[in-house]
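*Asks:*
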Amino acid sequence: MGRAEWVIEVDEDLKTMVASETEMKHWMKRSIYKVPPHITDHKQRALLHFLKRSGKPLEFFVESLHKDLQQLRDCYELLDPMWQDDDHKFMQLMILDGCFMLEILCFDTHTMEDYAETDPIFSNHGKIHIIPFIKRDMLMLENQLPMQLLHSLVAVDSNGTKVIPSLWTHY
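Going by the working numbering, the first residue of the sequence shown is number 5, and it counts up by one from there.
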């Protein structure tokens, strides 16, 4: 593309440019990222391992988070109605994503021998080839979870004896 064509293209783009208020709303919009369906299986498996190691039933975690459910929702602007209107689905999302994130963070710095050696994520192969991509994805703003969620999950898991920062000093 020559200089003149580029100038014309930019001029056209300038004419169709959206108002700054619209652009600001677009970039400020927070969302819960819609993940590929197969990752849900990995999250479910991570939840089961997390619960097994904690020795606590899922209900303990649900009860702990239930009182803070609205505060967790308030961490997201323009939350999809599916999550806004259904306490059960939102709770499930928070626990699955929170436990998955904690498993990723812990696996990176601790040995977890309760996963199969061939686990696609929580194995030596996954640690080298998959987890770096998951961690990078977790850093994206739309994929971040409220710290309150992680603190609550760790508090229930450890009976209040562990703190979050020790989990990701290596992260």
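Glycine included, every Cβ here is placed at the ideal spot set by N, Cα and C.
#1: Between the alpha carbons of residue 140 and residue 151, how many angstroms are there, rounded?
#2: Residue 61 to residue 53, Cα distance in whole Å?
#3: Short check: CB of residue 103 to CB of residue 143, under 8 Å?
#4: Return the CA-CA distance between residue 66 and residue 93, expressed in angstroms with no decimal places.
#5: Considering only residues of the same chain and omitting the five flanking positions on each side of residue 64, which have a CB-CB separation below 6 Å?
#6: Do residue 105 and residue 154 have their C-beta atoms closer together than 8 Å?
#7: With 16 as the cutoff for other CB atoms within 10 Å, does residue 59 come out buried or exposed?
#8: Does any CB atom of chain B fall closer than 8 Å to the CB of residue 103?
#9: CB-CB under 8 Å to residue 127, same chain, minus the five flanking residues each way: which ones, in chain order?
#10: Suppose you measure from the CA of residue 68 to the CA of residue 20; what does that come to, to the nearest Å?
#11: Which ranges does the alpha helix (DSSP H) cover as unbroken runs of at least 4 residues, wholly within the segment 84–146, from first to last along the chain?
#12: Taking 8 Å as the threshold (C-beta atoms), are residue 156 and residue 72 in contact?
#13: For a quick check, are the C-beta atoms of residue 91 and residue 149 less than 8 Å apart?
#14: Which residue marks the beginning of the alpha helix (DSSP H) containing residue 63, and which one marks its end?
#15: Measure the C-alpha to C-alpha separation of residue 147 and residue 87 and round it to an integer number of angstroms.
*Replies:* Based on what the coordinates show:
#1: In the sequence shown, residue 140 corresponds to position 136, counting from 1. In the sequence shown, residue 151 corresponds to position 147, counting from 1. Going by the C-alpha atoms only, they are around 18 Å apart.
#2: Translated into the one-based positions of the sequence shown, residue 61 becomes position 57. Translated into the one-based positions of the sequence shown, residue 53 becomes position 49. Going from the Cα of residue 61 to the Cα of residue 53 covers about 12 Å.
#3: Here residue 103 is taken as the residue at index 99 of the sequence shown, counted from 1. Here residue 143 is taken as the residue at index 139 of the sequence shown, counted from 1. No.
#4: Start at 1 with the first residue of the sequence shown, and residue 66 comes out as number 62. Start at 1 with the first residue of the sequence shown, and residue 93 comes out as number 89. About 12 Å.
#5: As a position in the sequence shown, residue 64 is number 60, starting the count at 1. Here the set comprises 160.
#6: Mapped onto the sequence shown, residue 105 falls at position 101. Mapped onto the sequence shown, residue 154 falls at position 150. In contact: residue 105 and residue 154 (Cβ atoms closer than 8 Å).
#7: Looking up residue 59 in the sequence shown gives position 55. Exposed, because fewer than 16 other Cβ atoms sit within 10 Å of the Cβ of residue 59.
#8: You won't find chain B in this structure, because it holds only one protein chain.
#9: Sequence index remark: in the sequence shown, residue 127 carries index 123 (1-based). Cβ within range, chain order: 119, 120, 121.
#10: Indexing the sequence shown from 1 puts residue 68 at position 64. Indexing the sequence shown from 1 puts residue 20 at position 16. For residue 68 and residue 20, the distance between alpha carbons rounds to 49 Å.
#11: Listed in chain order, they are 85–88, 91–113, 128–133, 135–142.
#12: Here residue 72 corresponds to residue number 68 of the sequence shown, with the count starting at 1. Here residue 156 corresponds to residue number 152 of the sequence shown, with the count starting at 1. Taking 8 Å as the Cβ cut-off, residue 72 and residue 156 qualify as a contacting pair.
#13: Here residue 91 is taken as the residue at index 87 of the sequence shown, counted from 1. Here residue 149 is taken as the residue at index 145 of the sequence shown, counted from 1. It is not a contact, given that the beta carbons lie outside the stated cut-off.
#14: As a first step, residue 63 is located in the sequence shown; it is residue number 59 there, counting from the start. From DSSP, the alpha helix (DSSP H) with residue 63 extends over 62–70.
#15: Residue numbering aside, residue 147 sits at position 143 when the sequence shown is read from its first letter. Residue numbering aside, residue 87 sits at position 83 when the sequence shown is read from its first letter. Using only the alpha carbons, I get a separation of about 15 Å.
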